[in-house]
Structures are given as C-alpha cells and as structure tokens.
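In the numbering used here, the protein residues as written are 166 to 381. Beta carbons: idealized from backbone N, C-alpha and C, even for Gly. Worksheet: the structure to be examined is printed underneath.
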Amino acid sequence: MTDIRTLTTQLTDALTALPLDEQVQALNEIRAALHAAGPFAAEPVDHVVWVKADRVQANSYNPNKVARPEMDLLDDSISNDGFTQPIVGFPLMEGTAPWAGPVEVVDGFHRHLIGQRPAHTARLHGYLPVAPLIKDLGQRMASTVRHNRARGKHEVELMSGMVVTLLKAGHSDLEIAEALGMEAEEVLRLKQMTGLAGLYKDQGFSRAWEVAPDDV
C-alpha cells in the first residue's frame, strides 16, 4: 500500500507546479473523485468546488432582499473570516462538471454578491466556493425555502412567488404545503393575496416536481 504521506507529497508537488487555473481545475477534479469514493457522498458540504465568479448567477424565484447594514456585516465577515459557508448551487449544464458551466444559486445569493466585490475577487482569484446540489426546480425551490426558514427568514413575496410557480406546474395545495414547510392555510392565504384562489380551486395536480422553464 502506498504511504499516505508520500502520496500527499507527490500530489502537492504536482499541484504547485501547475498554473493557477489548471491548479484549480485539478483541485476540483480531485475533490470530486474523493467525494464520490468517500463515506459522505450524500452530503453536499463534502463536495465544495471552485467556480468562476461570473458563472454563478441568481435564480429566478427568490427576491433576495437584504438591508444594507446586513450586507455590510456580511462583507465584513467574509473580509475577516473568509468564506466559512459555500454557495449552494445547481449546475445548469447537464452532463458537464459542476465547475465547467453556469451555476444557479439555490442558497447563498448574498454571499455570491459580496464575493463578486473587487477585494474578494482579487483574493479568490475570480472564483467562488460552491457546493453543488443536483435537484429539479421544484426541489430546489423547496430547498431555498428550507434554508431561509432555518435562518428565521420568511418573506411574503418570496413564498407567494414560489406558490404561484408550483401551482402553475400543477401541484396541489397539500403538495406545496408539504414541500415548502407550510400549513395548508398559509398556502390558501398566499393564493388569496395573489388572486389565485378562484383560478386554481378545481385544478388537479401532477406528482412530478419538474417545472417547465416557461412556467418560471
């Protein structure tokens, strides 16, 4: 069996001999291989890759509103502590490595915004840390809600927009409530606020969580 220290030294020497972008790609590929082979393959945090900052983009369903003092505090935190949490993102190009194409933010939009400020892009060589999350649109929306609610964040505009999208995709009030961690009464109130209660009161549903792009 190859000595782990020898293997580590050889790998380190090989990495440091590469130009920066090739070094980053090699790190991403090594991490992907280790993630797939390790005991934590089901955990996104075990697979953080570095993605070019200009490839990371906002999703279309989250208003992402934060007051300036909180943004400044986040900027200060990242400046002093670095990125302690990756951006959770969905690779939009199927069949390619998660760092090779555009990535849509599922959680961490404000970390993504702050990370694109000049001071951070210089320090991070134009890259952002991303934990890939491979799920369909409905599941990603539910994931965004879970992340927001776990932090105590709940915006009516955010929730109503997601309810509208899922209703248009054919899901029932009960399915939406279960997926978004809401009570059925909350879904009904949001439908009433958006004028959708009458329009969708008799609509059936599909159990598929795939949402067509035209419905977003």
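- Inter-residue distance for residue 282 and residue 245 is about 14 Å (C-alpha atoms, whole angstroms).
- Positions of the alpha helix (DSSP H) runs, each at least 4 residues long and wholly inside the stretch 211 to 295, are given as 233 to 246, 274 to 280, 283 to 288 in order along the chain.
- Looking at the DSSP output, residue 297 sits in a beta bridge with 254.
- Secondary structure at residue 208: coil, using DSSP grouped into helix, strand and coil.
- Fewer than three beta-carbon pairs drawn from the stretch 274 to 288 and the stretch 191 to 211 are found closer than 8 Å, and the two stretches are therefore not classed as touching.
- Boundaries for residue 348: no alpha helix (DSSP H) harbours it, and the DSSP string shows neither H nor E there.
- Here the alpha carbons of residue 243 and residue 327 stand approximately 30 Å from one another.
- Under the three-state reduction of DSSP, residue 334 is assigned to coil, being neither helix nor strand.
- In the three-state reduction of the DSSP assignment, residue 168 falls in the coil class, being assigned neither a helical nor a strand state.
- Classified as exposed, residue 284 has fewer than 16 neighbouring CB atoms from the shown chains inside 10 Å of its CB.
- For residue 250, same chain residues with a beta-carbon under 8 Å away, outside a window of 5 residues either side, are 273, 276 in chain order.
- Counting the other CB atoms within 10 Å of its CB gives residue 184 a total below 16, which places it among the exposed residues.
- Taking C-beta separations shorter than 8 Å and ignoring five residues to either side along the sequence, the partners of residue 196 in its chain run 212, 213, 214, following chain order.
- Here the C-alpha atom of residue 247 lies approximately 16 Å from the C-alpha atom of residue 296.
- One thing to note: residue 255 has its Cβ no nearer than 8 Å to the Cβ of residue 220.
- Judged by beta-carbon spacing, residue 289 lies beyond the 8 Å limit of residue 271, meaning their Cβ atoms are not closer than that value.
- A check of alpha carbon separations from residue 286 across 233, 218, 237 identifies 218 as the nearest.
- Residue 292 places its beta carbon less than 8 Å from that of residue 216.
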